[in-house]
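J.: So that we are looking at the same thing, I have put the structure below in structure tokens.
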Amino acid sequence: MAYDQYPPISPYSTGMAGRCPRCGEGKMFKGFITIADKCDHCGLDYRFADAGDGPAIFVMLIAGFIIVGAALWLEVSYEPPMWVYFVIFLPLTLIVCLGMLRPLKGVLVALQYANKAEQGRLEG
Ligand SMILES: [Zn+2]
């Protein structure tokens, strides 16, 4: 099927769910953050998908804001011993970072598809 035979769907909801940005049905990932070769529903070739470092920088900025903000608040409010930080923030950091990585990569790839973003090319 051609590109325009599918109705436009939100790149945010499909990306967050890890679904195909064209049909919204097939799976985008074959591993935790490994992009599949093509959509198993509509056959969209995912070779265009290259989010690069995009998801990582968003995860670092957002997780850093959440984790460091919470740690600073905890320190200022309660001044707990150091082990409390390790018990709370090591698992929280892993959960927040790993939890955001896949949805953010899905959104960036879906936005790349929706906006037809690709490498610059010389004409002719
Ligand atoms: Zn598809």
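Residue 74 in this note's numbering sits at position 72 of the sequence shown, and the numbers go up by one each step.
A virtual CB, placed ideally from N, CA and C, is assigned to each residue, including glycine.
1) Taking the alpha-carbon positions, what's the S15 to K107 distance?
2) In chain order, what residues have a CB nearer than 5 Å to some heavy atom of ligand 1?
3) S15 by DSSP, collapsed to three states: which one?
4) What are the complete beta strand (DSSP E) segments, minimum 3 residues, inside the region 43-92?
5) Based on DSSP bridge pairs, tell me the residues matched to R21.
6) Under 7 Å Cβ to Cβ from I35, same chain only, skipping five residues before and after it: list those, please.
T.: Put simply:
1) 12 Å
2) C22, R24, C25, G28, C41, H43, C44, L46
3) helix
4) none
5) K29
6) L103, R104, K107
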